[in-house]
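Enquirer:
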C-alpha cells in the first residue's frame with residue numbers, strides 16, 4: 036500500500052503540478068479545483084461532474100473527499116498521511132436551503148434543480164428561459180445547477196459540490212482526491228485530484244484592457260476575457276457619476292460568458308449601458324468573481340461622455356467626372372439643420388470601405404453643389420460629411436466616380452529572369468507607378484519568332500512570378516514578356532522579351548562519319564556535323580593497335596569543318612576513329628567508331644590501274660572494264676553521268692566482276708563513267724574516270 040501510494044503521488048507531482056488557482060485536472064468525469072486563502076490556514080475546494088448520469092448519482096450518494104499530506108517543510112513524507120474529509124459529502128436537506136435561497140437566486144436555482152418537482156428558471160433571465168425551453172428537463176437541471184454553482188460558492192457548499200478545509204498548516208502540501216460515493220455497480224470508480232498547499236496562494240489579477248465606446252446616451256464596454264478566464268467565472272461592472280468618488284454596480288447579477296465551452300469562444304466580453312445624459316462624465320471599472328466567491332481587484336478606470344449625434348445625414352444625389360475630367364457633385368441636406376453644422380467635408384478613398392482621406396475641407400454650410408477645378412485622378416469613392424457644431428457629424432453613403440480613361444499604363448521595365456537547375460524560372464520587374472494599376476499579364480514563348488501566350492488567366496498582382504519549364508523538351512531557349520493593366524482594363528504593350536537559356540540535360544545528337552579514303556599513311560575522313568544549335572565543338576579522336584586509349588587528333592570549333600586528313604606515323608595496322616560533338620553546356624555525344632586498315636605506310640595510294648569504256652553501236656551498248664592489283668576488295672562502286680550532268684552512283688559490282696554493260700544509251704550522246712573500289716576494311720580507293728562518245 037505504501038509503495039502504490041507513493042507512486043500515485045509521484046505521478047501526480049510529475050503530471051499535474053501545483054497551481055496557485057488550481058492544479059491541472061485529471062481526465063475523468065470529475066473535475067476539482069482548489070485555492071488557499073491569504074491567511075495560510077484555509078483551502079477551499081470546488082468540484083463538478085461532466086455528465087448528467089453521474090450528476091444524478093452523486094446527488095443521491097454524494098462524494099468522498101480524501102486528503103493526503105505529501106510534503107512537510109518541503110520534504111516528502113515516507114508515508115503520506117491520509118485523512119477522509121467527507122464520507123460522504125452530500126447536498127443539505129431542502130429545509131436548509133430556505134434562508135440562502137431568499138437572498139441568493141443562484142441558490143434557488145440549485146435547490147429547484149435538486150429538489151423541485153419541475154424546473155422553472157424563467158425568473159432568472161429571458162435568455163435562460165429561452166435556452167431551457169430547447170432542452171430536456173434533466174439536461175436543464177444539470178446545466179443550470181452547475182452554472183449557478185459557479186456564481187455562488189456558498190450555494191455550492193450546500194449542494195455538496197464544495198468544501199472548506201480549515202485544518203491547514205503553512206509548511207505542508209496536500210493531495211486532495213475526490214471520488215463518487217455511488218456503488219461500483221452503478222458508477223465507475225473514477226477520481227480527480229489536485230495538489231496544492233497554503234504557500235500556493237496567489238493574488239487575483241485585475242481585469243485587463245477595458246475599453247469604452249461612447250455613443251448617443253449609450254456606452255459599449257468591453258474587456259479582455261480570454262486572459263483571465265482561468266481565474267473568473269463572472270464579472271461585476273461598476274459605474275461612478277461623481278468623478279470616481281463612489282462606484283456602484285450596474286446590477287446585482289454578475290455578467291457571465293455563456294459560450295465558455297464553445298471551441299471558438301470570443302476573446303473579449305461586451306456590455307452595453309444606457310446613459311442618463313450626454314453632458315455628464317461617467318467612469319467604469321470591472322471586477323472578476325472566481326468560483327470561490329472571491330472578488331478580484333478593480334480594473335483600470337475608463338471614462339467618457341455620451342456623444343450628441345447630428346439628426347440629419349447628407350445624401351449625394353449625383354457625382355460624376357465630365358469630359359474635361361472635372362468632378363461635378365450635388366447633394367441634399369435639411370436646410371433647417373444648417374444652424375447645427377459648421378460646414379461640409381469631402382472625403383475620398385480607393386475602396387468603398389476606406390480608409391477615407393480629406394479631399395476638400397470647409398465647404399460652406401449653404402452649399403449643395405460642387406465643381407472641382409482640379410482634375411480627378413483615377414477612379415475613387417467619395418463621401419460627404421456634415422460637420423456638427425457639437426458631437427459627431429454624419430457622413431453620406433459612398434459614391435463611385437470614374438473619369439474617362441483610355442490611356443494604358445507604362446510598359447513594365449527592368450524585366451529579369453533567372454533559371455535554376457530544376458527548370459524553375461524566377462521573373463522580376465520594376466513596379467509601375469500608376470495609381471489605378473490593377474496588375475500584370477505574364478507571357479511566354481517557346482521560340483523567338485512565335486506569338487507569346489499568357490501564363491495566367493487572371494491578372495497577376497505582384498511584380499514577381501515563377502514558372503516551371505520541362506527540361507526534357509528539345510528547345511534550348513525560352514522567352515518571357517510582361518504587360519501592365521489598369522482598373523479600366525487598358526493594357527500596355529508588352530515589354531521587350533527576355534531570353535532564358537534552359538539548363539542542358541540532354542546530350543547533343545551525334546555526328547556521323549560518312550566517308551573515308553586511305554592513301555599510304557594518310558586517312559582522309561568526311562563527316563556530317565551534329566544537327567543541334569548549341570554545339571560548341573567537334574573533336575576527332577584516334578586509337579591505334581598499340582594505344583591504351585583514344586588520343587585527340589584535332590578540335591574543331593562549332594561546325595567549322597566537315598572533313599580532315601590525318602597523317603599516321605606509327606605504321607601499318609588497324610586504327611579506330613570517332614568524332615565527339617560537345618554542347619555549350621559541356622555534354623558530349625560520340626559518333627559510331629570507324630575502323631580503318633593501313634596496309635603499309637609506303638604501299639602507295641589505293642587505285643585502279645586501268646579503266647576502259649568501249650562503244651558498241653551494233654549491240655546498242657557501252658562496255659566498261661577495269662583492272663587493279665588491290666587486295667581484299669569488298670565491291671566496286673560505278674558512277675555514271677550524261678553530258679554535262681553530275682556524277683551519281685549507278686551500280687555496285689561484286690569484287691569478282693571487273694566489268695559491265697550500259698544498255699541504256701542513246702546515239703550521239705557523251706557518257707562519263709567512274710569506278711571506285713571499296714575494301715573489306717572500309718577504305719575507298721581513288722576514283723578513276725573515263726569518257727565515251729556513243
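In our numbering, the protein residues as written are 36 to 729.
By construction, the Cβ of each residue, glycine as well, lies at the ideal position given by its N, Cα and C atoms.
Would residue 345 and residue 423 be called neighbours here (beta carbons separated by less than 7 Å)?
Expert: Within the chain shown, numbered from 1, the residue matching residue 345 stands at position 310. Within the chain shown, numbered from 1, the residue matching residue 423 stands at position 388. Against a cut-off of 7 Å, the Cβ pair of residue 423 and residue 345 comes out as a contact.
Enquirer: Within 10 Å of its beta-carbon, does residue 618 have 16 or more other beta-carbons around it, so buried, or fewer, so exposed?
Expert: Counting from 1 along the chain shown, the entry for residue 618 is found at position 583. Buried, by the Cβ-count rule.
Enquirer: Could you check which residue in 195, 603, 634 and 725 has the C-alpha nearest to that of residue 121?
Expert: Along the chain shown, read from residue 1 onward, the residue named residue 121 stands at position 86. Closest option to residue 121, Cα to Cα, is 195.
Enquirer: Beta-carbon within less than 7 Å of residue 191's beta-carbon, same chain only, minus the 5 sequence neighbours each way: which residues are those?
Expert: What you label residue 191 is simply residue 156 of the chain shown in a count that begins at 1. Excluding sequence neighbours, residue 191 sits near 81, 184 and 197.
Enquirer: Tell me which residues share the same chain as residue 443 and place their Cβ nearer than 6 Å to its Cβ, disregarding the 5 neighbours each side in the sequence.
Expert: Within the chain shown, residue 443 is the residue found at index 408, counting from 1. Excluding positions up to five away in sequence, the list reads 525, 526 and 527.
Enquirer: Judging by CA-CA distance, which residue of 311, 339, 324 and 334 is the nearest neighbour of residue 318?
Expert: Your numbering for residue 318 matches position 283 in the chain shown. Comparing Cα-Cα distances from residue 318 to each of 311, 339, 324 and 334, the minimum goes to 339.
Enquirer: Let me know the secondary structure DSSP gives residue 307 once reduced to three states.
Expert: In the chain shown, residue 307 corresponds to position 272, counting from 1. DSSP places residue 307 in strand when its eight states are reduced to three.
Enquirer: Quick test of the definition: if touching needs 3 or more C-beta pairs under 8 Å, does the stretch 250 to 264 touch the stretch 302 to 313?
Expert: These segments touch.
Enquirer: Which term fits residue 260, buried or exposed, when burial requires 16 or more other beta carbons within 10 angstroms of its beta carbon?
Expert: Within the chain shown, numbered from 1, the residue matching residue 260 stands at position 225. Residue 260 is buried by the Cβ-count criterion.
Enquirer: Give the range of the alpha helix (DSSP H) segment to which residue 188 is assigned.
Expert: Locating residue 188 in the chain shown gives position 153, where the first residue counts as 1. Note, residue 188: alpha helix (DSSP H), 188 to 193.
Enquirer: Return yes when the Cβ of residue 723 is within less than 7 Å of the Cβ of residue 713, no when it is not.
Expert: By 1-based counting over the chain shown, the position of residue 713 is 678. By 1-based counting over the chain shown, the position of residue 723 is 688. Taking 7 Å as the Cβ cut-off, residue 713 and residue 723 do not qualify as a contacting pair.
Enquirer: Is the distance from the Cβ of residue 670 to the Cβ of residue 689 below 7 Å?
Expert: Translated into positions along the chain shown, residue 670 becomes position 635. Translated into positions along the chain shown, residue 689 becomes position 654. Their beta carbons are under 7 Å apart, which means residue 670 touches residue 689 by this criterion.
Enquirer: Excluding sequence positions up to five away, which residues of its chain have a Cβ less than 8 Å from the Cβ of residue 273?
Expert: Looking up residue 273 in the chain shown gives position 238. Result list for residue 273: 282, 283, 284, 285, 319, 320, 321, 322 and 333, in chain order.
Enquirer: Quick check on residue 352: does DSSP put it in helix, strand or coil?
Expert: Along the chain shown, read from residue 1 onward, the residue named residue 352 stands at position 317. Strand, per DSSP.
Enquirer: Helix, strand or coil for residue 64, going by three-state DSSP, please let me know.
Expert: Position 29 of the chain shown, counting from 1, holds the residue named residue 64. If DSSP states are grouped into helix, strand and coil, residue 64 belongs with coil.
Enquirer: Using the C-alpha atoms, what's the distance from residue 390 back to residue 416?
Expert: Locating residue 416 in the chain shown gives position 381, counting from the first residue. Locating residue 390 in the chain shown gives position 355, counting from the first residue. Roughly 10 Å between the two C-alpha positions.
Enquirer: Rounded to whole angstroms, what is the Cα-Cα separation between residue 502 and residue 477?
Expert: Here residue 502 is taken as the residue at index 467 of the chain shown, counted from 1. Here residue 477 is taken as the residue at index 442 of the chain shown, counted from 1. Answer to the nearest angstrom: the Cα atoms are 10 Å apart.
Enquirer: Can you tell which of 206, 564 and 608 has the C-alpha that lies nearest to the C-alpha of residue 112?
Expert: Position 77 of the chain shown, counting from 1, holds the residue named residue 112. Among 206, 564 and 608, the Cα nearest to that of residue 112 belongs to 206.
Enquirer: Just the C-alpha distance for residue 404 and residue 387, rounded to the nearest angstrom, thanks.
Expert: Position 369 of the chain shown, counted from the first residue, corresponds to residue 404. Position 352 of the chain shown, counted from the first residue, corresponds to residue 387. For residue 404 and residue 387, the distance between alpha carbons rounds to 22 Å.
Enquirer: Would DSSP call residue 523 helix, strand or coil?
Expert: Taking the first residue of the chain shown as position 1, residue 523 is located at position 488. Three-state result, residue 523: coil.
Enquirer: Expressed to the nearest angstrom, what Euclidean distance is found between the alpha-carbon atoms of residue 159 and residue 140?
Expert: The residue given as residue 159 occupies position 124 in the chain shown. The residue given as residue 140 occupies position 105 in the chain shown. With a pLDDT of 43 at residue 159, under the threshold of 50, the modelled position of that residue is not reliable, and the figure given next carries that caveat. Answer to the nearest angstrom: the Cα atoms are 8 Å apart.
Enquirer: What residues in its chain sit with their C-beta under 6 Å from that of residue 512, if we drop five residues either side in the sequence?
Expert: The sequence position of residue 512 within the chain shown is 477, counting from 1. Contacts found: 534 and 536.
Enquirer: What do you reckon, are the CB atoms on residue 64 and residue 86 nearer than 7 Å?
Expert: Indexing the chain shown from 1 puts residue 64 at position 29. Indexing the chain shown from 1 puts residue 86 at position 51. Going by C-beta atoms, residue 64 is nearer than 7 Å to residue 86.
Enquirer: Could you tell me whether the stretch 480 to 497 touches the stretch 434 to 454, where touching means 3 or more Cβ pairs closer than 8 Å?
Expert: They do not touch, by the three-pair rule.
Enquirer: In terms of residues, what are the limits of the beta strand (DSSP E) holding residue 460?
Expert: The residue labelled residue 460 in the question sits at position 425 within the chain shown. Residues 459 to 463.
Enquirer: Grouping DSSP H, G and I as helix and E and B as strand, with all else coil, what is residue 129?
Expert: Within the chain shown, residue 129 is the residue found at index 94, counting from 1. The answer is helix: DSSP assigns residue 129 an H, G or I state.
Enquirer: Tell me which residues share the same chain as residue 600 and place their Cβ nearer than 8 Å to its Cβ, disregarding the 5 neighbours each side in the sequence.
Expert: In the chain shown, counting from the first residue as 1, residue 600 sits at position 565. Within the same chain, residue 600 has close Cβ partners 557, 558, 559 and 560.
Enquirer: CB-CB under 7 Å to residue 602, same chain, minus the five flanking residues each way: which ones, in chain order?
Expert: Locating residue 602 in the chain shown gives position 567, where the first residue counts as 1. Contacts found: 556 and 557.
Enquirer: Look up residue 552 in the DSSP assignment and give the residues it is bridged to.
Expert: Locating residue 552 in the chain shown gives position 517, where the first residue counts as 1. In DSSP, residue 552 forms a bridge with 559.
Enquirer: Given 8 Å as the limit, is there contact between the stretch 348 to 362 and the stretch 432 to 441, that is, 3 or more CB pairs closer than that?
Expert: As far as the Cβ criterion goes, the stretch 348 to 362 touches the stretch 432 to 441, which means the pair count is three or higher.
Enquirer: How many Å lie between residue 520 and residue 368 at the Cα?
Expert: Taking the chain shown and counting its residues from 1, one reaches residue 520 at position 485. Taking the chain shown and counting its residues from 1, one reaches residue 368 at position 333. Rounded to whole angstroms, residue 520 to residue 368 spans 39 Å at the Cα level.
Enquirer: Just to confirm, are residue 549 and residue 563 a CB contact at a threshold of 7 Å?
Expert: As a first step, residue 549 is located in the chain shown; it is residue number 514 there, counting from the start. As a first step, residue 563 is located in the chain shown; it is residue number 528 there, counting from the start. In this structure, residue 563 lies closer than 7 Å to residue 549 by Cβ.
Enquirer: Report yes if the C-beta distance between residue 684 and residue 674 is below 7 Å; otherwise report no.
Expert: Translated into the one-based positions of the chain shown, residue 684 becomes position 649. Translated into the one-based positions of the chain shown, residue 674 becomes position 639. Yes, they are a contact pair.
Enquirer: Taking the continuous alpha helix (DSSP H) assigned at residue 94, which residues delimit it?
Expert: Start at 1 with the first residue of the chain shown, and residue 94 comes out as number 59. Segment 87 to 96, the alpha helix (DSSP H) holding residue 94.
Enquirer: Quick one: what's residue 686 bridged to in DSSP?
Expert: On the chain shown, residue 686 is found 651 positions in, with the first residue counted as 1. DSSP lists 673 as partners of residue 686.
Enquirer: List the DSSP bridge partners of residue 733.
Expert: Within the shown structure, residues of the chain are numbered from 36 to 729, placing residue 733 beyond reach of any answer.
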